[in-house]
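Notes to accompany the following structure.
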Amino acid sequence: MSAHSTPIPMIAHKSGPLAGVAEVPGDKSISHRALILGALSVGETHITGLLEGEDVIDTAKAMRAFGATVTRVAEGDWRVNGVGVGGFAEPTQVIDCGNSGTGVRLIMGAMATTPIAATFTGDASLNKRPMGRITDPLALFGARAVGRAGGRLPLTLVGAVDPVPVRYTLPMPSAQVKSAVLLAGLNAPGETVVIEPEPTRDHTERMLRGFGAEIDVTDSAEGRVITLKGQPDLTGQSVAVPRDPSSAAFPVCAAILVPGSEITVPGVSRNPTRDGLYITLIEMGADIAFENPRDEGGEPVADLRVKYSPALKGVTTPAERAASMIDEFPILSVVAAMAQGTTVMQGVKELRVKESDRIDAMARGLEACGVTLEETEDTLTIHGTGAVPGGAVCESRLDHRIAMSFLVLGLVADQPVAVDDGAPIATSFPVFEPLMAGLGARIERTAP
9 MSAHSTPIPM IAHKSGPLAG VAEVPGDKSI SHRALILGAL SVGETHITGL LEGEDVIDTA
69 KAMRAFGATV TRVAEGDWRV NGVGVGGFAE PTQVIDCGNS GTGVRLIMGA MATTPIAATF
129 TGDASLNKRP MGRITDPLAL FGARAVGRAG GRLPLTLVGA VDPVPVRYTL PMPSAQVKSA
189 VLLAGLNAPG ETVVIEPEPT RDHTERMLRG FGAEIDVTDS AEGRVITLKG QPDLTGQSVA
249 VPRDPSSAAF PVCAAILVPG SEITVPGVSR NPTRDGLYIT LIEMGADIAF ENPRDEGGEP
309 VADLRVKYSP ALKGVTTPAE RAASMIDEFP ILSVVAAMAQ GTTVMQGVKE LRVKESDRID
369 AMARGLEACG VTLEETEDTL TIHGTGAVPG GAVCESRLDH RIAMSFLVLG LVADQPVAVD
429 DGAPIATSFP VFEPLMAGLG ARIERTAP
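9 is the number of the first residue of the sequence shown in the numbering used here; add one for each residue after it.
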């Protein structure tokens with residue numbers, strides 16, 4: 009059952025060629041960050057292309073609770089009048105972040121060095137996810153977390169009265185942890201340093217610089233060293249949110265797999281820290297062209313022209329690529345099942361602590377559909393044969409990407425593929441159903 013609605017069972021049937029333009033929503037990661045940094049700035053931030061999924065709306069509500077003025081002007085068009093660094097007010101209600109691990113972790117970082125307290129909760133999925141990876145480094149600034157054993161939500165975070173700067177090496181590749189530490193460092197004196205042995209998506213660094221923070225990124229023997237000068241005067245900006253490459257992955261992979269398809273996906277982010285899936289698909293033999301490359305809102309973007317690709321082959325994705333495609337492994341596993349040969353996904357243990365254990369969720373659903381595979385704690389190996397029997401009802405496990413992945417599989421499997429609950433799709437891709445239907449996909453809701 010989803011956090012914000014009753015379950016919505018859905019089913020996908022084998023479809024004819026997909027065609028048309030897939031205008032996917034704005035990038036979820038950038039949308040969260042634009043709202044938070046707008047709230048931490050002085051003056052007005054104007055955001056266009058904001059993703060209006062449940063996750064991002066929950067972050068907008070949280071920024072209002074901390075004292076910022078957040079106004080929706082029109083679809084995707086939002087204005088934030090911020091309170092400045094260190095200006096958050098203590099919220100009078102519990103901050104409910106729904107299904108969003110990004111939202112709750114970044115918000116915790118943003119408030120951790122202000123002397124206020126806030127209580128955070130989420131849905132059943134979010135309340136199972138590990139928060140110690142955030143509260144441990146925030147404690148180094150002087151913040152204190154009080155709550156359930158294991159650091160899980162609900163918990164109350166008490167911000168530092170006299171914050172101190174921190175030097176922190178990430179124990180795992182996580183843009184959420186990195187971003188939480190950097191946001192906390194904004195209201196700490198001196199320089200906060202984050203070292204990441206493996207690069208992760210760099211939207212926070214790019215956006216901090218755009219809002220006026222002094223931030224330096226260098227490479228060293230330890231990895232990427234990110235140095236932030238604390239207590240800057242951030243100034244409201246105009247932010248154009250590019251389209252989300254993680255959302256684009258679903259129509260892109262569907263077009264690759266459905267015979268005769270050709271679609272265009274305009275304005276998709278080509279940030280190199282988010283590009284791993286597209287690199288992998290091309291290695292597998294996918295017909296993807298990147299047209300009209302340009303820069304929007306400090307992010308490289310391009311239009312994707314995607315055609316049916318009948319000669320897909322299995323590949324090995326190296327562990328060092330995992331961080332750049334961590335949200336796309338579920339849909340990649342569907343492509344791998346339809347390819348010829350074995351695909352080995354390495355370095356994917358972070359998938360086990362996402363909205364669900366995504367390795368287990370995909371493995372069980374694919375096995376139910378007739379796919380042969382093996383898994384370890386850190387790998388998923390899929391033996392593709394070019395065809396999938398299908399015919400199963402797969403558990404979405406309150407996870408939007410699991411639900412959408414199995415629905416894409418149903419477009420090409422021999423028998424229809426169903427999911428027990430498609431409601432979580434609204435957290436990141438609220439227009440998934442009409443968009444896919446407009447391309448020609450046969451996806452429909454069924455009676456509960």
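C-beta: ideal position from N, C-alpha, C; glycine also.
Taking all protein chains shown into account, decide if residue i is buried (16 or more other Cβ within 10 angstroms of its Cβ) or exposed.
{"i": "D335", "result": "buried"}
{"i": "R453", "result": "exposed"}
{"i": "L209", "result": "The displayed chain sequence assigns Arg, not Leu, to residue 209. Classification of R209: buried, given that the 10 Å Cβ count is 16 or more."}
{"i": "A183", "result": "buried"}
{"i": "E363", "result": "buried"}
{"i": "P338", "result": "buried"}
{"i": "D227", "result": "exposed"}
{"i": "A229", "result": "exposed"}
{"i": "T14", "result": "exposed"}
{"i": "E213", "result": "buried"}
{"i": "G140", "result": "exposed"}
{"i": "V29", "result": "exposed"}
{"i": "E299", "result": "exposed"}
Would you kindly work out how many angstroms separate the C-alpha atoms of residue i and residue j, rounded to a whole number?
{"i": "A20", "j": "A445", "result": "11 Å"}
{"i": "R175", "j": "T380", "result": "45 Å"}
{"i": "L289", "j": "P326", "result": "13 Å"}
{"i": "W86", "j": "L285", "result": "30 Å"}
{"i": "G268", "j": "M292", "result": "18 Å"}
{"i": "E307", "j": "S332", "result": "15 Å"}
{"i": "E204", "j": "D170", "result": "26 Å"}
{"i": "R278", "j": "P301", "result": "9 Å"}
{"i": "D368", "j": "N89", "result": "42 Å"}
{"i": "M9", "j": "E62", "result": "Model confidence at M9 stands at a pLDDT of 36, short of 50, so the residue's coordinates are unreliable; what they give is reported in the following sentence. Between M9 and E62, the C-alpha separation is close to 15 Å."}
{"i": "T384", "j": "I264", "result": "28 Å"}
{"i": "P253", "j": "P280", "result": "11 Å"}
{"i": "H12", "j": "G106", "result": "With a pLDDT of 48 at H12, under the threshold of 50, the modelled position of that residue is not reliable, and no figure is offered here."}
{"i": "E403", "j": "A371", "result": "11 Å"}
{"i": "L447", "j": "E358", "result": "33 Å"}
{"i": "I16", "j": "G355", "result": "33 Å"}
{"i": "V273", "j": "I103", "result": "35 Å"}
{"i": "L340", "j": "R405", "result": "18 Å"}
{"i": "K321", "j": "T350", "result": "8 Å"}
{"i": "I287", "j": "V154", "result": "42 Å"}
{"i": "P250", "j": "L312", "result": "13 Å"}
{"i": "A256", "j": "P99", "result": "35 Å"}
{"i": "I234", "j": "M180", "result": "16 Å"}
{"i": "A319", "j": "M346", "result": "10 Å"}
In the DSSP assignment, find the unbroken beta strand (DSSP E) run with residue i in it and report its ends.
{"i": "Q184", "result": "Taken as a continuous stretch (DSSP letters only), Q184 belongs to no beta strand (DSSP E), being part of the alpha helix (DSSP H) at 183-193."}
{"i": "T79", "result": "77-82"}
{"i": "S459", "result": "Because the chain is modelled from 9 through 456, residue 459 falls outside the range shown and cannot be assessed."}
{"i": "T389", "result": "387-393"}
{"i": "F128", "result": "125-129"}
{"i": "Y176", "result": "175-177"}
{"i": "L161", "result": "It is not in any beta strand (DSSP E) - L161 carries neither H nor E in the DSSP assignment."}
Just to check my reading of the structure: residue i and residue j have Cβ atoms closer than 8 Å, yes? What is that Cβ distance to the nearest angstrom?
{"i": "T56", "j": "A310", "result": "No, T56 and A310 are not in contact; Cβ-Cβ is about 19 Å, not under 8 Å."}
{"i": "T324", "j": "V343", "result": "Their Cβ separation, rounded to whole angstroms, is 14 Å, which puts T324 and V343 out of contact at 8 Å."}
{"i": "F219", "j": "L242", "result": "4 Å"}
{"i": "M18", "j": "I451", "result": "6 Å"}
{"i": "G84", "j": "L43", "result": "Not quite, the Cβ-Cβ distance comes to about 13 Å (not below 8 Å), so this is no contact."}
{"i": "G51", "j": "G75", "result": "So it is not a contact: roughly 15 Å between Cβ atoms."}
{"i": "G398", "j": "V425", "result": "5 Å"}
{"i": "A449", "j": "S23", "result": "5 Å"}
In terms of residue numbering, what span does the alpha helix (DSSP H) encompassing residue i cover?
{"i": "S341", "result": "337-346"}
{"i": "F258", "result": "253-265"}
{"i": "P41", "result": "In the sequence under discussion, the amino acid at residue 41 is Arg, which differs from the Pro named in the question. Note, R41: alpha helix (DSSP H), 36-47."}
{"i": "F149", "result": "140-149"}
{"i": "G109", "result": "109-119"}
Would you call the region 79-87 and the region 126-135 touching, i.e. three or more CB-CB distances under 8 Å? no
Is the number of C-beta pairs between the region 140-159 and the region 219-230 that are closer than 8 Å three or more? no
Do the region 193-204 and the region 119-131 touch if we need at least three Cβ pairs shorter than 8 Å? yes
Below 8 Å, how does it come out for the region 408-422 and the region 433-445: are there three or more Cβ pairs, yes or no? yes
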